[in-house]
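**Q** The structure's right below; bear with me while I get my questions together.
In the numbering used here, the protein residues as written are -13 to 246.
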């Protein structure tokens, strides 16, 4: 592959990543601004991607979004992930017991990626969706995973990723976040107190693989008032049990990690 072909491939991937992160369809100029490319170059890339089914254009305009080919690849990838297959029955049981939103996330490159999402009987508006990335410092599952790492590892992740403020409750001081970890390690449950979405409380617990490494997490999210009414301790107990059962199925010896 020539250097020019490599450059074209990299630019195409940049365009796909921008569309994947967008809330909706984007126009050529907006995509060009985000990837720092002239709109004529972006247009050529989009034409090729559209021809192969990786992007699609709105019928009544010149805005683009991810195509069915990306969805097909994503579904195949997620179906091949052992953690998602193993977790499915436990997530369903948990969702039935708490009747709130249940997430399964994967720890990847200093962020969490939503692998699965089960809605409760009452739909609520949240940032999360399957395939989307989210920061770790303001999500319950993210904090639960961070609590299993060394302080140096945590500081390095937050140095690279930053601690953006998403609500007035978001912690943006690493020292303040680190103060939560002893309690998270003790209870095996982290809490996001409207730090990612206003009005939403989330509880999260880590999921470990056979090596004892936290590879992901499970969380329960719901309107803060309703979560309080249902009982955070009760929800935490059910959540913790689900996380431990999934970890056990992945070959992890549950008791070993949190023992001092």
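All C-beta atoms in this analysis are idealised placements derived from N, C-alpha and C, irrespective of residue type, glycine included.
Remember, it's a predicted structure, so these values are computed and weren't measured experimentally.
Terminal residues of the continuous alpha helix (DSSP H) containing residue 227?
**A** Here residue 227 refers to the residue found at position 241 when the chain shown is read from its first residue. Residues 218 to 235.
**Q** Answer with buried or exposed for residue 57, where buried requires no fewer than 16 other C-beta atoms within 10 angstroms of its C-beta.
**A** Residue mapping note: residue 57 aligns to position 71 of the chain shown, counting from 1. Within a 10 Å sphere around the beta-carbon of residue 57 sit fewer than 16 other beta-carbons, which makes this residue exposed.
**Q** Quick one: which unbroken beta strand (DSSP E) runs of 3-plus residues sit fully inside the segment 174 to 221? Chain order, please.
**A** 176 to 179, 186 to 194 and 200 to 209
**Q** May I ask you to list the residues that DSSP assigns as paired with residue 13?
**A** One-based indexing of the chain shown puts residue 13 at position 27. For residue 13, the pairing in a beta bridge is given by DSSP as 49.
**Q** Terminal residues of the continuous beta strand (DSSP E) containing residue 42?
**A** For the purposes of this step, residue 42 is taken as the residue at position 56 of the chain shown. From DSSP, the beta strand (DSSP E) with residue 42 extends over 41 to 43.
**Q** Could you round the C-beta distance between residue 48 and residue 13 to whole angstroms and report it? I think they count as a contact, below 8 angstroms.
**A** Here residue 48 refers to the residue found at position 62 of the chain shown. Here residue 13 refers to the residue found at position 27 of the chain shown. With 8 angstroms as the limit, residue 48 and residue 13 qualify as a contact, their Cβ atoms being about 6 angstroms apart.
**Q** Where DSSP assigns a beta bridge to residue 119, which residues make up the other side?
**A** For this step, residue 119 is matched to residue 133 along the chain shown. Answer is 99.
**Q** Tell me which residue opens and which closes the beta strand (DSSP E) that residue 94 is part of.
**A** Start at 1 with the first residue of the chain shown, and residue 94 comes out as number 108. Its beta strand (DSSP E) spans residues 87 to 94.
**Q** What is the rounded straight-line gap between the Cα of residue 117 and the Cα of residue 94?
**A** On the chain shown, position 131 is the one that residue 117 refers to. On the chain shown, position 108 is the one that residue 94 refers to. Roughly 12 angstroms separates the two Cα atoms.
**Q** Taking a contact to mean a Cβ-Cβ separation below 8 angstroms, would you say residue 87 touches residue 208 in this structure?
**A** If you number the chain shown from 1, residue 87 lands on position 101. If you number the chain shown from 1, residue 208 lands on position 222. Contact flag set, yes.
**Q** Mind checking who residue 54 pairs with in its DSSP beta bridge?
**A** On the chain shown, residue 54 is found 68 positions in, with the first residue counted as 1. Answer is none; residue 54 lacks a bridge partner.
**Q** When burial is assigned at 16 or more other CB atoms within 10 Å of the CB, is residue 154 buried or exposed?
**A** Indexing the chain shown from 1 puts residue 154 at position 168. So residue 154 ends up on the exposed side.
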